[in-house]
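Student: One structure, pasted below without further comment.
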Amino acid sequence: APLAEAIRLWSALGASGVKFQQSPNNPFEMMSQDPAFPVDYTQFPRETLKRKTGECDDLVTLLASMFEGANVRAALLDYPGHIALMFDTGAAEASAAGLPESKMIRHNDTWWIPLEATLVGSSFADAHQQALNAYREMAKDGRASIIDLRKAVAAFEPVTMPPSEWNAETPDPAAVAKRADADLTTYAARRRQGCRRLEPIGPAGGGAGELEGRRGAVRPRARGRPRGRRGAQ
């Protein structure tokens, strides 16, 4: 399920020690609003993994690359001076996603969950809630833009990544499981609460048992170099 997979990937990134760090010289918040600097540099995903730090755009690029690599569709949430992301639950109905509509974003006929990438290392639930609050605030004034990554890839030619012998370290499975279990428990509980108010969700919808089943069985996949897709320019 996209939600369980997203929690697993978020937990693995947190366990690897990647953190948000604003650039002291050219912070994204200033660069993105300065007409004299219309283009900002964004790290390749592997660069962020190697350095273990990045600005909001670096972390969003990394997470979006990880999600898409795991076949979880991602999109960017572009705001004045900031950028976040969201991923597709694949559910056309909120009941199938297992969360109330108020906790998600409706886009292209399915329900999406937003994430605040700068909170990497914190709980998935906290990153979800903060991103949701920011989207509501920006969207009500028309200041939120959604960038579909798959459409962007079709429109913009990908950059050529320079060769590298470096490979990312696999985070400790026990540390990943510990982080993921807390969030999987939180979302399984929310799903059970929703199921009590709605018709039971069948196997196709993914019930609470699906998230419960992922608890204690979260293991990071061994990955080589992340593919360095860049978002829309």
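Taking our numbering, I'd label the letters of the sequence shown as residues 79 to 311. A virtual CB, placed ideally from N, CA and C, is assigned to each residue, including glycine.
Expressed to the nearest angstrom, what Euclidean distance is found between the alpha-carbon atoms of Ala-142 and Thr-167?
Tutor: The count along the sequence shown starts at 1 and reaches residue 142 at position 64. The count along the sequence shown starts at 1 and reaches residue 167 at position 89. Spanning the two alpha carbons is a distance of roughly 14 Å.
Student: Let me know the secondary structure DSSP gives Ser-89 once reduced to three states.
Tutor: Locating residue 89 in the sequence shown gives position 11, where the first residue counts as 1. Looking at Ser-89 - three-state DSSP - the assignment turns out to be helix.
Student: What are the start and end residues of the alpha helix (DSSP H) that includes Thr-188?
Tutor: Here residue 188 is taken as the residue at index 110 of the sequence shown, counted from 1. Taken as a continuous stretch (DSSP letters only), Thr-188 belongs to no alpha helix (DSSP H), being part of the beta strand (DSSP E) at 188-193.
Student: Cα separation between Lys-181 and Asn-211?
Tutor: For the purposes of this step, residue 181 is taken as residue 103 along the sequence shown, with counting starting at 1. For the purposes of this step, residue 211 is taken as residue 133 along the sequence shown, with counting starting at 1. Cα to Cα, the separation comes out at about 10 Å.
Student: Buried or exposed for Trp-20, please, with buried defined as at least 16 other CB atoms from any protein chain shown within 10 angstroms of its CB.
Tutor: A query on residue 20 cannot be resolved here, the shown segment of the chain reaching from 79 to 311 and no further.
Student: Indicate the three-state DSSP secondary structure (helix, strand or coil) for Val-237 in the structure shown.
Tutor: Stepping through the sequence shown from its first residue, residue 237 is reached at position 159. Correct three-state label for Val-237: coil.
Student: Could you name the residues of the same chain whose beta carbon sits closer than 8 Å to that of Leu-276, not counting the 5 residues immediately before and after it, in chain order?
Tutor: Locating residue 276 in the sequence shown gives position 198, counting from the first residue. In this prediction, Leu-276 scores a pLDDT of 45, lower than 50, which makes its location untrustworthy; the coordinate-derived value is nonetheless stated afterwards. Around Leu-276: Ser-173.
Student: Spell out the partners DSSP gives Met-164 in its beta bridges.
Tutor: Working through the sequence shown from its first residue, we reach residue 164 at position 86. Looking at the DSSP assignment, Met-164 forms a beta bridge with Ala-153 and Pro-192.
Student: Check the C-beta distance from Leu-163 over to Ala-195 and give it rounded, since I have them as a contact under 8 Å.
Tutor: The sequence position of residue 163 within the sequence shown is 85, counting from 1. The sequence position of residue 195 within the sequence shown is 117, counting from 1. Between Ala-195 and Leu-163 the Cβ distance is about 6 Å, and since that is below 8 Å, they are a contact.
Student: So, with DSSP's three-state summary, where would you put Phe-98?
Tutor: In the sequence shown, the residue the question calls residue 98 occupies position 20. Strand, per DSSP.
Student: Grouping DSSP H, G and I as helix and E and B as strand, with all else coil, what is Thr-131?
Tutor: The residue given as residue 131 occupies position 53 in the sequence shown. If DSSP states are grouped into helix, strand and coil, Thr-131 belongs with the strands.
Student: Could you pull the start and end residues of the alpha helix (DSSP H) that Asp-204 belongs to?
Tutor: To locate residue 204, count along the sequence shown from 1; it is residue 126. Segment 202-217, the alpha helix (DSSP H) holding Asp-204.
Student: With distances taken from CA atoms, which of Ala-148, Ala-169, Cys-134 and Glu-171 is nearest His-160?
Tutor: In the sequence shown, the residue the question calls residue 160 occupies position 82. It is Cys-134.
Student: If you follow the beta strand (DSSP E) that Ser-223 is part of, which residue opens it and which one closes it?
Tutor: Working through the sequence shown from its first residue, we reach residue 223 at position 145. Per DSSP, Ser-223 belongs to the beta strand (DSSP E) from 223-226.
Student: Let me check one thing: in DSSP terms, what residues is Arg-270 bridge-paired to?
Tutor: Walking along the sequence shown from the start, residue 270 turns up at place 192. In the DSSP output, where bridge partners are listed per residue, Arg-270 has none listed.
Student: Using 8 Å as the threshold, is the C-beta distance between Trp-244 and Arg-124 below it?
Tutor: Working through the sequence shown from its first residue, we reach residue 244 at position 166. Working through the sequence shown from its first residue, we reach residue 124 at position 46. In contact: Trp-244 and Arg-124 (Cβ atoms closer than 8 Å).
Student: From the DSSP output, read off the bridge partner residues of Val-198.
Tutor: Within the sequence shown, numbered from 1, the residue matching residue 198 stands at position 120. Partner(s): Ser-200.
Student: Near Glu-146, which residues of its chain fall below 6 Å by C-beta distance, leaving aside the five closest residues on each side in sequence?
Tutor: The residue labelled residue 146 in the question sits at position 68 within the sequence shown. Excluding sequence neighbours, Glu-146 sits near Ala-152.
Student: Since Asp-261 contacts Ser-201 with CB under 8 Å, what's their CB separation in whole angstroms?
Tutor: Position 183 of the sequence shown, counting from 1, holds the residue named residue 261. Position 123 of the sequence shown, counting from 1, holds the residue named residue 201. Asp-261 to Ser-201, Cβ: 6 Å. Contact.
Student: What separation, rounded to the nearest whole angstrom, lies between the Cα atoms of Met-144 and Asp-219?
Tutor: Reading the sequence shown from its first residue, position 66 is the one you call residue 144. Reading the sequence shown from its first residue, position 141 is the one you call residue 219. About 31 Å.
Student: If we ignore side chains and look at the alpha-carbon of each, how far apart do Gln-121 and Val-138 end up?
Tutor: Your numbering for residue 121 matches position 43 in the sequence shown. Your numbering for residue 138 matches position 60 in the sequence shown. For Gln-121 and Val-138, the distance between alpha carbons rounds to 10 Å.
Student: Output needed for Ser-94: all residues of its chain with C-beta closer than 8 Å, excluding positions within five of it in sequence on either side, in chain order.
Tutor: Along the sequence shown, read from residue 1 onward, the residue named residue 94 stands at position 16. Closer than 8 Å at the Cβ level, and outside the excluded window around Ser-94, lie Leu-127, Lys-130, Ala-246, Glu-247 and Pro-249.
Student: So is Asp-187 buried or exposed if we call it buried at 16+ other beta carbons inside 10 Å?
Tutor: Position 109 of the sequence shown, counted from the start, is the residue given in the question as residue 187. Classification for Asp-187: exposed.
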